[in-house]
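Visitor:
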Amino acid sequence: MNPAGGRILVVDDVEANRDLLARRLEKLGHRVETAIDGAQALALLAGGGFDLMLLDIMMPVMDGFEVLARVRADDTLRHLPVIVISALGELEAVVRCIELGADDHLPKPFNPVILRARVGACLEKKALRDQERLWARSLERELEIGHEIQKDFLPGAIPEVPGWELAARFEPARQVAGDFYDAFPLPGGRLMLVIADVCGKGVGAALYMALFRTLIRAVAAQAPGPPEETLARAAQATSDYIATTHERSSMFATAFLAILEPDTGRLPYLNAGHEAPLVLAGTRPRTRLAPTGPALGLLPGLAFTLAETLLAPGETLVLYTDGITEAIGAAGMFGDDRLLQALAAPAASAGALLDALLGAVREHAAGFQPSDDITLLALRR
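Given below as structure tokens:
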């Protein structure tokens, strides 16, 4: 919208005032429509397309105060600039209008220089706000596209392994996330599990999430052999690539990588600075799989130690990111105690267990904005 040629609504119950303002505004290159009271003004505004309203305060039927209050309460009109028209002795009324959201005021009798300056300033501010809203909508659309693309980096379907249940839950705090999980088959009937949390938030973390996930999966797929060798190579190659190729970005990710041998329940794993997964025997925690090395990508040449555990029948492995324990609510952080309490209730399946945990987190954080992404993966024998 060109500030020199806006569409303006003049609202005044005095015909002489309406005509005078309309003529002067038209000489300045604006398109003008008029209303004799607040009710007629609202009817015209409902049609949309106005860039500015000049609003008299004292009018019959509906005064300027009510018109202004309704405009500011309407999502489609609340950004419309409003200049209130004031007569001498109406200072208190002008102050009230400013408190209601008026952008400026125009005193009677109308001074052409003041009229041009105040109308021009309001139209310029509206043009800037319109551009900002357009940019915001464009950015929101780009983030929506990014969200859809990012979903393609998560498994489209959870692999099915006879004798085992596998479930996952993923809730980004924003439209794009830095968390991810993965589960994919390897030669010999093995299953690789990954959960990770890239440092930072927003678009930057999301870009690196895709890179970390792709590197881990690609290296693991190209390194057939003993599970320990596959895990070590995937972690080492991914970490070295990030640390050397993207050194200036100082990006890293905590990650837990494991390979399940379904027949025996043996689970070699590598915990690169990640939250310690829980092994539940029924509803009781049996052990936690503590970190065995540093986060991926901190420095080139880092060493990653491996460990292993054995999942017995009836046991469940629960992997999670810190969006669970660090979820903020009125009572503070969710924390480990609430995590263990939520997992202590019997659950009919791995998916039901994760749903119960998510429900507890949501209840704890009710009324608070999510502070971090939440990612969960559960494996039950």
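Residue numbers (numbering that gives the first Met the number 0): 0 to 380. For each residue, glycine too, the CB sits at the ideal point set by N, CA and C.
Could you check what DSSP says for ASN16 in three-state terms: helix, strand or coil?
Guide: In the sequence shown, the residue the question calls residue 16 occupies position 17. If DSSP states are grouped into helix, strand and coil, ASN16 belongs with the helices.
Visitor: First and last residue of the alpha helix (DSSP H) that includes ALA231?
Guide: Reading the sequence shown from its first residue, position 232 is the one you call residue 231. 226-244 is the span of the alpha helix (DSSP H), which, as asked, contains ALA231.
Visitor: Output the distance between the C-alpha atoms of PHE333 and HIS363, rounded to the nearest integer angstrom.
Guide: Along the sequence shown, one-based indexing puts residue 333 at 334. Along the sequence shown, one-based indexing puts residue 363 at 364. Distance between the alpha carbons of PHE333 and HIS363: 7 Å.
Visitor: From THR374 to GLY177, what does the alpha carbon distance come to, in whole angstroms?
Guide: The residue you call residue 374 lines up with position 375 of the sequence shown. The residue you call residue 177 lines up with position 178 of the sequence shown. Straight-line Cα distance between these residues: approximately 10 Å.
Visitor: Looking at the unbroken alpha helix (DSSP H) that takes in ALA38, where does it start and where does it end?
Guide: As a position in the sequence shown, residue 38 is number 39, starting the count at 1. Its alpha helix (DSSP H) spans residues 37-44.
Visitor: Looking at the structure shown, is ILE157 part of a helix, part of a strand, or coil, going by DSSP?
Guide: For the purposes of this step, residue 157 is identified with residue 158 of the sequence shown, where counting begins at 1. Coil, per DSSP.
Visitor: Under three-state DSSP, which class holds LEU90?
Guide: Walking along the sequence shown from the start, residue 90 turns up at place 91. It is helical.
Visitor: Within 10 Å of its beta-carbon, does ASN1 have 16 or more other beta-carbons around it, so buried, or fewer, so exposed?
Guide: Reading the sequence shown from its first residue, position 2 is the one you call residue 1. Unreliable positioning characterises ASN1 in this predicted model, as indicated by a pLDDT of 45, which lies under 50. The coordinate reading is nonetheless provided below. By the neighbour-count rule (16 or more Cβ atoms within 10 Å), ASN1 is not buried but exposed.
Visitor: Quick check on the DSSP output: the beta strand (DSSP E) that includes THR320 runs from which residue to which?
Guide: Numbered from its first residue, the sequence shown carries residue 320 at position 321. Note, THR320: premise wrong, no beta strand (DSSP E); not H, not E.
Visitor: Find the nearest neighbour of GLU314 within the set ARG30, THR263 and GLY46, judged by alpha-carbon distance.
Guide: In the sequence shown, residue 314 corresponds to position 315, counting from 1. Comparing Cα positions, the closest option is THR263.
Visitor: Can you name, in chain order, every residue of its own chain whose Cβ lies under 8 Å from the Cβ of PRO154, other than the five neighbours on each side?
Guide: Translated into positions along the sequence shown, residue 154 becomes position 155. The residues are ALA167, TYR180, ASP181, ALA182 and PHE183.
Visitor: Who are the Cβ neighbours of ALA21 in its own chain at under 7 Å, not counting the five residues just before and after it?
Guide: Stepping through the sequence shown from its first residue, residue 21 is reached at position 22. These residues qualify, in order along the chain: VAL9, VAL31 and THR33.
Visitor: Taking a contact to mean a Cβ-Cβ separation below 9 Å, would you say GLY292 touches THR308 in this structure?
Guide: Taking the sequence shown and counting its residues from 1, the one referred to as residue 292 is at position 293. Taking the sequence shown and counting its residues from 1, the one referred to as residue 308 is at position 309. Not in contact: GLY292 and THR308 (Cβ atoms no closer than 9 Å).
Visitor: With which residues is LEU55 paired in a DSSP beta bridge?
Guide: Start at 1 with the first residue of the sequence shown, and residue 55 comes out as number 56. Strictly speaking, residue 55 in this sequence is Asp, with Leu absent from that position. Paired residue(s): ILE84.
Visitor: What did DSSP end up calling MET332 once you bin it into helix, strand or coil?
Guide: Here residue 332 is taken as the residue at index 333 of the sequence shown, counted from 1. Strand.
Visitor: DSSP three-state label for ASP129, please.
Guide: Locating residue 129 in the sequence shown gives position 130, where the first residue counts as 1. If DSSP states are grouped into helix, strand and coil, ASP129 belongs with the helices.
Visitor: Buried or exposed: where does ILE113 fall if 16 or more other Cβ atoms within 10 Å of its Cβ makes it buried?
Guide: On the sequence shown, residue 113 is found 114 positions in, with the first residue counted as 1. By the neighbour-count rule (16 or more Cβ atoms within 10 Å), ILE113 is not buried but exposed.
Visitor: For LEU133 and ALA126, I'd like the C-alpha separation in whole angstroms.
Guide: Against the sequence shown, residue 133 aligns to sequence position 134. Against the sequence shown, residue 126 aligns to sequence position 127. For LEU133 and ALA126, the distance between alpha carbons rounds to 11 Å.
Visitor: Would you identify the three-state DSSP class for VAL60, choosing helix, strand or coil?
Guide: On the sequence shown, residue 60 is found 61 positions in, with the first residue counted as 1. Looking at VAL60 - three-state DSSP - the assignment turns out to be coil, as it is neither helix nor strand.
Visitor: How big is the Cα-Cα spacing for ALA302 and ALA346?
Guide: Taking the sequence shown and counting its residues from 1, one reaches residue 302 at position 303. Taking the sequence shown and counting its residues from 1, one reaches residue 346 at position 347. So the alpha carbons of these two residues sit roughly 38 Å apart.
Visitor: Over the uninterrupted beta strand (DSSP E) stretch that includes GLU307, give me the two end residues.
Guide: Taking the sequence shown and counting its residues from 1, one reaches residue 307 at position 308. Element bounds for GLU307: 306-309.
Visitor: Using only CA atoms, which one of GLY46, ALA101, GLY187 and ILE82 lies nearest to THR75?
Guide: Taking the first residue of the sequence shown as position 1, residue 75 is located at position 76. Ranking the options by Cα distance to THR75, first place goes to GLY46.
Visitor: Please tell me whether ILE84 and LEU53 are closer than 9 Å, where the distance is taken between their beta carbons.
Guide: Residue mapping note: residue 84 aligns to position 85 of the sequence shown, counting from 1. Residue mapping note: residue 53 aligns to position 54 of the sequence shown, counting from 1. A contact, by the Cβ cut-off of 9 Å.
Visitor: Among residues of its own chain, excluding the 5 on either side of ASP239, which ones have a beta-carbon nearer than 6 Å to its beta-carbon?
Guide: As a first step, residue 239 must be located in the sequence shown, where it is residue number 240. PRO299.
Visitor: If I follow the unbroken alpha helix (DSSP H) through ALA219, where does it start and stop?
Guide: For this step, residue 219 is matched to residue 220 along the sequence shown. Looking at the DSSP string, the run of the alpha helix (DSSP H) that includes ALA219 is 201-220.
Visitor: Quick check on DSSP: helix, strand or coil for ALA364?
Guide: Position 365 of the sequence shown, counting from 1, holds the residue named residue 364. Three-state result, ALA364: coil.
Visitor: What span of residues does the beta strand (DSSP E) with ASN270 cover, start to end?
Guide: By 1-based counting over the sequence shown, the position of residue 270 is 271. 265-271 is the span of the beta strand (DSSP E), which, as asked, contains ASN270.
Visitor: Where does ASP196 fall in DSSP's three states?
Guide: In the sequence shown, the residue the question calls residue 196 occupies position 197. ASP196 falls in the strand class under three-state DSSP.
Visitor: Using a Cβ distance threshold of 8 Å, determine whether the stretch 185-196 contacts the stretch 255-275, with at least three qualifying pairs required.
Guide: Verdict: yes, contact present.
Visitor: From which residue to which residue does the beta strand (DSSP E) around ASP372 run?
Guide: In the sequence shown, residue 372 corresponds to position 373, counting from 1. That residue, ASP372, is in no beta strand (DSSP E); it is neither H nor E in DSSP.
Visitor: Roughly how many angstroms separate the alpha carbons of THR229 and THR213, rounded to a whole number?
Guide: Taking the sequence shown and counting its residues from 1, one reaches residue 229 at position 230. Taking the sequence shown and counting its residues from 1, one reaches residue 213 at position 214. Near 15 Å, if we compare the C-alpha coordinates of THR213 and THR229.
Visitor: What do you get for PRO312, buried or exposed, if any count of 16 or more other CB atoms within 10 angstroms of its CB means buried?
Guide: The residue given as residue 312 occupies position 313 in the sequence shown. By the 10 Å Cβ count, PRO312 comes out exposed.
Visitor: Thinking C-alpha only, which one of PRO261, GLY328, ALA349 and GLY187 is nearest VAL317?
Guide: For the purposes of this step, residue 317 is taken as the residue at position 318 of the sequence shown. Comparing Cα-Cα distances from VAL317 to each of PRO261, GLY328, ALA349 and GLY187, the minimum goes to ALA349.
Visitor: Sort ALA86, ALA172 and ARG71 by Cα distance to ASP11 and report the nearest one.
Guide: Counting from 1 along the sequence shown, the entry for residue 11 is found at position 12. Considering only alpha carbons, the answer is ALA86.
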